[in-house]
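Number of protein chains: 4
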Amino acid sequence: ESTNDFRSQKDFLTQKLQHTESMNQALEARLSDLERRLQSNQQEREAFRRSLRQLLELLDGKLFELTELRDALGRIVESS
Amino acid sequence: ESTNDFRSQKDFLTQKLQHTESMNQALEARLSDLERRLQSNQQEREAFRRSLRQLLELLDGKLFELTELRDALGRIVESS
Amino acid sequence: ESTNDFRSQKDFLTQKLQHTESMNQALEARLSDLERRLQSNQQEREAFRRSLRQLLELLDGKLFELTELRDALGRIVESS
Amino acid sequence: ESTNDFRSQKDFLTQKLQHTESMNQALEARLSDLERRLQSNQQEREAFRRSLRQLLELLDGKLFELTELRDALGRIVESS
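Residue numbers (my numbering), protein chains in the order written: chain F, 3 to 82; chain L, 3 to 82; chain S, 3 to 82; chain A, 3 to 82.
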């Protein structure tokens with residue numbers, strides 16, 4: 003091969019490498035973004051579940067108090 | 003005692019007896035009325051207790067259904 | 003009429019009067035008893051209604067708190 | 003430059019390009035995986051919210067029925 007052929011091949015490879023490396027950087031940036039979103043989703047989901055669990059405990063308390071009222075009504079009815 | 007004395011005593015006794023007998027009738031009428039009211043009160047009271055017992059059963063049903071909803075919410079929260 | 007006739011009539015009336023008066027006393031005693039029972043029933047009934055009204059107020063409080071929990075759940079669901 | 007220098011530079015660039023292209027493929031595979039997980043999370047989240055909304059509707063129904071029971075109790079108490 004002539005020196006010119008080698009030079010043009012080398013330029014082609016250099017350009018292709020630069021292009022591929024910049025694609026790599028773009029892909030890594032998108033990956034980081036998606037990972038942050040997944041992690042943020044996961045945190046929202048856990049916060050959501052914590053809120054729901056607190057609400058379930060409050061609901062349990064109310065159901066217990068309603069059951070006590072029902073029993074108080076039962077006692078009033080039977081004692082009358 | 004003279005015949006006049008006896009007659010006036012008899013008239014007094016007869017009048018007093020009539021008065022006492024009419025009081026008796028009035029008392030018996032009031033007694034019947036009170037007994038009817040007591041019986042009517044008793045019936046109302048029993049009807050009232052029956053209504054309350056039916057309501058307690060409905061309340062039990064609703065509390066059961068609320069507890070089922072609470073458990074469904076618990077399962078949704080834990081499965082998420 | 004002879005004196006004996008008058009005397010026997012007077013004795014008969016006196017006995018009948020005594021019998022009627024003692025019946026009167028018995029009727030008045032029964033009336034007092036029934037009136038006390040009616041009054042006592044009335045007081046029990048009012049105490050019963052007061053208990054039920056207190057219970058209704060407590061029930062209203064619990065229903066309000068349950069509705070607040072439902073709304074809190076609604077907000078959690080819509081914000082998630 | 004000598005022909006040998008050009009040849010060794012070309013080989014170096016070719017190897018580096020192959021390495022970068024294979025990294026690219028790995029990154030694209032990971033991106034596809036993360037996108038699938040994000041989409042799947044999103045679908046789970048929507049299914050979860052649908053479940054919670056259905057549950058809220060059932061809860062509303064129960065609260066309405068409890069309020070009706072409370073009103074029935076109120077009417078019974080006031081009519082007694």
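Beta carbons are placed, not taken as given, at the ideal position from N, Cα and C, and that holds for glycine.
- When Cβ-Cβ separations below 7 Å define contact, residue 60/S makes no contact with chain A.
- Under the 10 Å beta carbon count, residue 50/A is surrounded by 16 or more other beta carbons and is classified as buried.
- It is roughly 48 Å from the alpha-carbon of residue 16/F to the alpha-carbon of residue 48/F.
- In the DSSP annotation of this structure, the continuous segment of the alpha helix (DSSP H) that includes residue 34/F starts and ends at 5-81.
- Contact between the segment 19-27 of chain L and the segment 13-33 of chain A is absent: fewer than three C-beta pairs spanning the two stretches fall below 8 Å.
- Take the alpha-carbon of residue 76/S and the one of residue 65/S: they are about 16 Å apart.
- With respect to chain S, the C-beta atom of residue 75/F has a partner C-beta closer than 7 Å.
- Counting only Cβ-Cβ distances below 7 Å, residue 53/S has contacts in chain F at 78, in chain order.
- CA-to-CA, the gap between residue 8/S and residue 34/S works out to about 38 Å.
- With a threshold of 7 Å between beta carbons, residue 71/L makes contact with chain A.
- For residue 40/A, no Cβ of chain S is located within less than 7 Å of the residue's own Cβ.
- Among the residues of chain A, none has a CB under 7 Å from the CB of residue 57/F; the nearest is roughly 11 Å distant.
- With respect to residue 40/L, residue 29/S sits apart: the two C-beta atoms are not nearer than 7 Å.
- For residue 72/F against residue 73/L, the beta-carbon gap comes to about 18 Å, at or over 8 Å, which does not count as contact.
- For residue 18/F, the nearest CB of chain A lies under 7 Å from its own CB, placing it at the interface with that chain.
- Listed along chain S are 40, 43, 44 and 47, each with a C-beta nearer than 9 Å to that of residue 43/L.
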